[in-house]
Every structure is written in C-alpha cells, then in structure tokens.
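Participant: Residue numbers (UniProt numbering), protein chains in the order written: chain A, 1 to 333; chain B, 1 to 333.
(1) From residue 103(A) to residue 225(B), what distance separates their C-alpha atoms?
(2) Between residue 136(A) and residue 158(A), which are expected to be in contact by the criterion C-beta below 8 Å, what is the C-beta distance as a whole number of angstroms?
(3) Quick one: does residue 191(A) have its CB under 9 Å from some CB of chain B?
(4) Say whether chain B places a C-beta atom closer than 9 Å to the C-beta of residue 149(A).
(5) Span of the alpha helix (DSSP H) holding residue 121(B)?
(6) So, using beta-carbon positions, are residue 186(B) and residue 92(B) closer together than 9 Å?
(7) Can a CB atom of chain A be found closer than 9 Å to the CB of residue 21(B)?
(8) Return yes when the Cβ of residue 98(B) is within less than 9 Å of the Cβ of residue 74(B), no when it is not.
(9) Please name the residue, chosen from 189(B), 11(B), 180(B), that lies closest to residue 112(B) on a Cα-to-Cα basis.
(10) Taking only the alpha-carbon atoms, compute the straight-line gap between residue 20(B) and residue 188(B) and give it to the nearest angstrom.
(11) Measuring CA to CA, which of 193(A), 169(A), 195(A) is closest to residue 7(A)?
(12) Show which residues of chain A have a CB atom less than 9 Å away from the CB atom of residue 91(B).
(13) Can you pull out the residues from the segment 96-107 of chain A whose beta carbon lies closer than 8 Å to at least one beta carbon of chain B?
(14) I'd like to know if the segment 137-150 of chain A and the segment 170-178 of chain A are in contact, where contact means that at least 3 CB-CB pairs between them fall below 8 Å.
(15) Taking only beta carbons into account, state which residues of the segment 210-224 of chain A come closer than 7 Å to chain B, listed in chain order.
(16) So residue 208(B) and residue 85(B) are supposed to be a Cβ contact under 8 Å. How far apart are they, rounded?
(17) Could one say the Cβ of residue 6(A) lies closer than 9 Å to chain C's Cβ atoms, at least one of them?
(18) For residue 115(A) and residue 101(A), what's the separation of their Cα atoms in angstroms?
(19) Three Cβ pairs or more, each shorter than 8 Å: is that satisfied between the segment 19-39 of chain B and the segment 44-60 of chain A?
(20) Rank 140(A), 107(A), 126(A), 205(A) by C-alpha distance to the C-alpha of residue 167(A) and give the top, closest one.
(21) Which same chain residues end up closer than 7 Å to residue 194(A) when comparing Cβ atoms and leaving out the 5 residues on each side of it in sequence?
(22) Would the beta-carbon of residue 37(A) fall within 9 Å of that of residue 51(B)?
(23) Just to confirm before moving on: does the CB-CB distance between residue 30(A) and residue 216(B) stay below 9 Å?
(24) Pick helix, strand or coil for residue 150(B), following the three-state DSSP scheme.
(25) If you measure between the beta carbons of residue 251(B) and residue 197(A), is that distance less than 9 Å?
(26) Return helix, strand or coil for residue 67(A), following the three-state DSSP convention.
(27) Using a cut-off of 8 Å between C-beta atoms, extract the partners of residue 195(A) located in chain B.
(28) State the CB to CB distance for the pair residue 16(B) and residue 118(B), rounded to an integer number of angstroms; the pair is presumed to be in contact (CB under 8 Å).
(29) Look at the Cβ atom of residue 45(A), then the Cβ atom of residue 110(A), and state whether they are nearer than 9 Å.
(30) Taking residue 182(A) as the reference, give the member of 134(B), 43(B), 221(B) with the closest Cα.
(31) Under the criterion of a Cβ to heavy atom distance below 8 Å, does residue 202(B) qualify as lining the ligand PLP?
(32) Is DSSP giving residue 205(B) helix, strand or coil here?
(33) Can you list, in chain order, the residues of its chain whose CB lies under 7 Å from that of residue 223(A), leaving out five sequence neighbours each side?
(34) From the DSSP output, in three-state form, read off residue 95(B) for me.
(35) Which term fits residue 171(B), buried or exposed, when burial requires 16 or more other beta carbons within 10 angstroms of its beta carbon?
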C-alpha cells in the first residue's frame, strides 16, 4: 500500500482512538467533577441562606427596638436580597445540571459504542479495499508480463480503484476529524452557554445590589443622627461629621486605593472631676452648691453615646479599652 | 419611686438584658454560621478549579488536533477566565473572614463582660440614688410635720435630687439605647462592606466575561467553516447557515424569552443507491461504468460532516439515531 494511504489510515485510526480513549473518558470525568461542582454550589446556597436567616432575625429584633429600626430594616433587606441572588444562582445551577452535565453524561454513554463501531467499519473497509487493490495490481503486473491484450483496461481499472481508495481514505480522515471537532465544539458550546448564564447572573446580581448598597449606606448614615424618640437627651449634637454620601468605599477588590482607615474617635480625657455623690440630703449650710453630676464639666463638651462614658460613669466605669470596637473598622466614603 | 422612673429603669435594664441575652449570642451564632458560609465558598472555589483544570486538559488535547485548535483555544481561555474569577472571589472571602467574622468574634467576646459590668453599675447607681431620694423625702415629711424651720432648704435639696435622678435615668436610658444602636450599626455596616465587596466582584466578573463570551461565540461559529488543512474535501460548502453573531442567546435567566430550540438538521434520506463494491478488478466488457462510490448521488448534495454519514457508510452504517446529539441543544443567536 502506498505510504501516504498508510499514513492516512494511521491518522484516521489515531483520531478514533483519541476519541475513545481520551475524549470520552475525559468527558466522563468531567461529568463527575461537574457534579461535585454542582454540589458545592448547592452547599453554598444553603450556607448563605442559613447565614442570612440569622441576619434577618437580628434585624427583626432591631425593628422592635426603640432607636434601631432603620438598622433593622437594612439587615432585613440584606437578607431579602440574598434570597433574590440565591434564586438566580439556582437557575445557573439548573442550567449547569440540565443543559450541560446531563447531556454530557448521555452523550458519553451513547458515543462509546458508536465510535467503536465507526472505527471497526472503517478498518474493515480499508483493509478490504487495500486487499482488493493489491490483488488487482498483482493481476496487472502478471498481465503486463504476459503482454495480455486487456492490459489497458486492467490498467484503467487499477487506476480507478486507486483513485477511489485515495478518495476513501481522505474522506474518511475528514469525517473522523469532523467527528472529533464536533465533540470539542459540543464541549465549547455547552460551556459557552454556562458562561453566558453566569454573565447574566453577574449582571442581574450587580443590578440588584447596586441600588440597594447605596440606599443602605444612606440609611446607615442617617442612623447616626440622634433619635427624637423618648428619653430626650440634654444635648443633641450629631455624633460626628456625617459621612459624605453617594460614593462607596473602595473594597479590597479595588487594587488602586488602599483600605481607607476609619475616622478616629476622640479618646476619653485623662482625668475628670469626681462626680458629686449625693450622700447628704442637705448641703452643708453656707457651702456653695456643687455642680450637678450630669452638668457638662469644663472641657470637651459631653457627647452622648461617644466612645467615652457619660459623666456618672467617670471614675467608676469598668475598664473598657475597646469601647471603640463597635464604631471603627469602617470608612464609608 | 415615681412610676415613670421605674419605667425608665426597667426599660434600660431590658436593653442591657437584650444585648447580653439576645444580641451577643446571636452574634456568636452568626460567627459560627459565617465560618460555614466561608468554608462553602472555599469548597466551591476548589471544585471550580478542579473542574476547569479538566476543561483545560481537554482544550490542550484539542490544540494538538488538526482541525480543532480554535475550539481548544476557547476551552483553555475558559479555564483561564475561571481562575481569574476564582482569585477575585478569594478577595471577597478574605474580606468576609478578616473584616467581618474576626471582628464580630472579637467584639462578642469582649462585649459580654463590658455590658455585664455596665448593667451592674447602672443598677447600683440607680438603687443608691433611689434610696437616697427616698430617705431625703422621708426626712422632708418629718420636718414638715414638725414645722422645722429648715424645711425650705430641705425641699430644695429634695427637688434637686429628684431632678438629678430624672436626668440620670433618662441619660442612662439614652446611653443604653445608644449601646444597642451601635451594635446593630456595627452589624449593618459590616454587611454593607460585604455587600459592596460582592458588588465589586459581580461588576468585575461581568466585565471579564462579557468580552470573552462574545469572542468565544465568534470563534465557535468560525469553527463551523470547513478547515483548509490537509485532506481537502471534494466539496467545500459551509456546513449550514452561519449563526448570526453579535447577540448572545437568552439564557434560562431571561424570563421573557423561552429557551430557543436548536435549528433542526436535515434528516438522512430514507434510502440510497447501494455503494458499488469494487469486487471485480475489471469491469465486465461492454457494461457502462458505474458511478464511483464517492460521487454525489442524485438528490441532496453531499455535505461533509453533516449529521448523516458520507456515502460509503450507507447501508453499512452502524445504527446511530443519536448522531445529532453533538450538534443540537444549542441555539446561539
């Protein structure tokens, strides 16, 4: 057999072998890994749901409080939003499962037999044609030696068989390459579908979050102004400079800007006048009345709710170097 | 004690109790659930990485094939993109762990003692003042009965003590409310940070995918044109109408449009002329030469790579009702 035909033959057989021994097993493995991937998504969904259910409960407690309803509302909305994202993610998971993994699994099962049979048929056809061609070529040489008068017709037959064989091997090669290509394309297109679904998910998730994050930020800032509810305070200053709104804090994901440090709170003053303990019912005659405990001492103005304690805790306050921890670690805007 | 002061007292104590017995335990629980959530993220990352590593290997095999390099390139790029997304997700996870969970855990531990002490101090201070006030009021009544000449001063003292007490209880209430509010705000702001980080992640992920998905779609469509490599086919038609490019298929996430059915492929013709088996080396004298097997039969033109088999498989082709499975299930555009 001509070496180039032999080369075609080997090349075509190699393709079938590759499909059978590499592609299909790889696809089977991919289905297995894909199911793991799927389960990981589901576990994430569940963990997220449980977490945000807990957030919601805390939010509902805050809604029942006297001064923290806005904050409670934020927490509840965060929980709702998470459910929204979760249900979108569920659609991605369904796509992955229904449109990818199930198809991949089905195809792999069906294909093993098909490719095996295709290869067998090709091999048989090739051998048959090759044998036939060899036989006719031998016959031709014999006729040429004997100067048979039908040599010319035989030669034409042989040429025709040869051309048919050439066409056969090249078309078979082409067909095998196409089978291979179709399989790779199947995989690419299926994952294009998955990528597109993810793309949609990210777009929707971003849309859902974008407005809400700004809203929550404003609400959170608004919560810093003192409540006008009962227990009116003696003073009503705003607790600190309001955060500029409208711009979201850069996150760790923003590589350009480093993490903005939180605005420092005023540290508690080093020492204070001791509160006047109202031990005696009546002031000693002639003594000037002491300042009431709650009056603002000379010095920095009393700011209710500031990190340092109101006056009557002074000198009595439990050691609390970490009173600030609830207020820092956050630089919004 | 005046009922309203008693009410203040109970309200303030209730707030401390709520912080100690509801908020802090809830926060502890949240840290626990948050760690589960975190682990789920990490498991997802790993599962995704393993899956797309497998995709990459298949892609690399395709790159070594003769006609599927474009498709191999797509698969490899998908794998790279996944890594990109994974590393962004890792940043979200770090934010969740470092900026939320760790702080929440630390605060909860520190706060238990602080709130307990604050409550104790308030209780003691309240009782002390209340007892003192009662004592002075009793003294005042006694002096009034005896028509003591210092009654007026005593009355002033009692009034002053009373006013101080009122200020004390209302400021304490306010302080307690503020402690509560600070804790809810801490939670809200921390989760605002998390939401913002997710928002950034979704934005970046969308950006990364958007261009690539379009590119991959074009490349995938381009792969449908027959290769010009070796084994030139007898015919070179395009396999079918090229998909319109530029518009991505709606996914399951697009609720408005239903899932687009795949374009149907032409079914194999019912029957064909049997291939001429080149059994005899020489055609019978006088017989008209039969058409070569590979020539296009009268009827639909032969399309290499179409779902139905090339001519020499006809009548011999293994039963393959599912030859189409590699090509359908995908409607791009």
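The beta carbon of each residue, even a glycine, is placed where N, CA and C say it ideally should be.
Facilitator: Reading it off the structure:
(1) As a position in the first chain, residue 103(A) is number 103, starting the count at 1. As a position in the second chain, residue 225(B) is number 225, starting the count at 1. In a straight line, the C-alpha of residue 103(A) is about 24 Å away from that of residue 225(B).
(2) As a first step, residue 136(A) must be located in the first chain, where it is residue number 136. As a first step, residue 158(A) must be located in the first chain, where it is residue number 158. At roughly 5 Å, the Cβ-Cβ gap stays under 8 Å, so residue 136(A) and residue 158(A) are in contact.
(3) As a first step, residue 191(A) must be located in the first chain, where it is residue number 191. So, interface residue.
(4) For the purposes of this step, residue 149(A) is taken as residue 149 along the first chain, with counting starting at 1. So, not an interface residue.
(5) As a first step, residue 121(B) must be located in the second chain, where it is residue number 121. Per DSSP, residue 121(B) belongs to the alpha helix (DSSP H) from 102-145.
(6) Looking up residue 186(B) in the second chain gives position 186. Looking up residue 92(B) in the second chain gives position 92. Contact: no.
(7) The count along the second chain starts at 1 and reaches residue 21(B) at position 21. Not one chain A Cβ lies under 9 Å of residue 21(B).
(8) Stepping through the second chain from its first residue, residue 74(B) is reached at position 74. Stepping through the second chain from its first residue, residue 98(B) is reached at position 98. It is not a contact, given that the beta carbons lie outside the stated cut-off.
(9) For the purposes of this step, residue 112(B) is taken as residue 112 along the second chain, with counting starting at 1. Residue 112(B) has its Cα closest to that of 180(B), out of 189(B), 11(B), 180(B).
(10) Your numbering for residue 20(B) matches position 20 in the second chain. Your numbering for residue 188(B) matches position 188 in the second chain. Going by the C-alpha atoms only, they are around 19 Å apart.
(11) Taking the first residue of the first chain as 1, we reach residue 7(A) at position 7. Residue 7(A) has its Cα closest to that of 169(A), out of 193(A), 169(A), 195(A).
(12) Here residue 91(B) refers to the residue found at position 91 when the second chain is read from its first residue. In chain order: 251, 252, 253.
(13) 99, 103, 106, 107
(14) no
(15) 210, 213, 216, 217, 220, 223
(16) Residue mapping note: residue 208(B) aligns to position 208 of the second chain, counting from 1. Residue mapping note: residue 85(B) aligns to position 85 of the second chain, counting from 1. Between residue 85(B) and residue 208(B) the Cβ distance is about 7 Å, and since that is below 8 Å, they are a contact.
(17) The chain inventory of the structure shown lacks chain C, comprising the protein chains A and B.
(18) Taking the first residue of the first chain as 1, we reach residue 115(A) at position 115. Taking the first residue of the first chain as 1, we reach residue 101(A) at position 101. Approximately 20 Å, taken between the alpha carbons.
(19) yes
(20) As a first step, residue 167(A) is located in the first chain; it is residue number 167 there, counting from the start. Among 140(A), 107(A), 126(A), 205(A), the Cα nearest to that of residue 167(A) is on 126(A).
(21) What you label residue 194(A) is simply residue 194 of the first chain in a count that begins at 1. So the qualifying residues of the chain are 95, 96, 100.
(22) The sequence position of residue 37(A) within the first chain is 37, counting from 1. The sequence position of residue 51(B) within the second chain is 51, counting from 1. In this structure, residue 51(B) lies closer than 9 Å to residue 37(A) by Cβ.
(23) One-based indexing of the first chain puts residue 30(A) at position 30. One-based indexing of the second chain puts residue 216(B) at position 216. Not in contact: residue 30(A) and residue 216(B) (Cβ atoms no closer than 9 Å).
(24) For the purposes of this step, residue 150(B) is taken as residue 150 along the second chain, with counting starting at 1. Three-state result, residue 150(B): coil.
(25) Counted from its first residue, the second chain places residue 251(B) at position 251. Counted from its first residue, the first chain places residue 197(A) at position 197. Taking 9 Å as the Cβ cut-off, residue 251(B) and residue 197(A) qualify as a contacting pair.
(26) On the first chain, position 67 is the one that residue 67(A) refers to. It is coil, neither helix nor strand.
(27) Taking the first residue of the first chain as position 1, residue 195(A) is located at position 195. Per Cβ cutoff of 8 Å: 78, 81, 209, 212, 213, 216.
(28) The count along the second chain starts at 1 and reaches residue 16(B) at position 16. The count along the second chain starts at 1 and reaches residue 118(B) at position 118. Residue 16(B) to residue 118(B), Cβ: 7 Å. Contact.
(29) Looking up residue 45(A) in the first chain gives position 45. Looking up residue 110(A) in the first chain gives position 110. Going by C-beta atoms, residue 45(A) is not nearer than 9 Å to residue 110(A).
(30) Locating residue 182(A) in the first chain gives position 182, where the first residue counts as 1. For residue 182(A), the nearest C-alpha among the options comes from 221(B).
(31) With respect to small molecules bound, the structure shown includes none, and the ligand PLP cannot be examined in it.
(32) Counting from 1 along the second chain, the entry for residue 205(B) is found at position 205. If DSSP states are grouped into helix, strand and coil, residue 205(B) belongs with the helices.
(33) Taking the first chain and counting its residues from 1, one reaches residue 223(A) at position 223. Answer for residue 223(A): 70, 71, listed in chain order.
(34) In the second chain, residue 95(B) corresponds to position 95, counting from 1. Helix, per DSSP.
(35) Within the second chain, the letter at position 171 stands for residue 171(B). Buried: at least 16 other Cβ atoms inside 10 Å.
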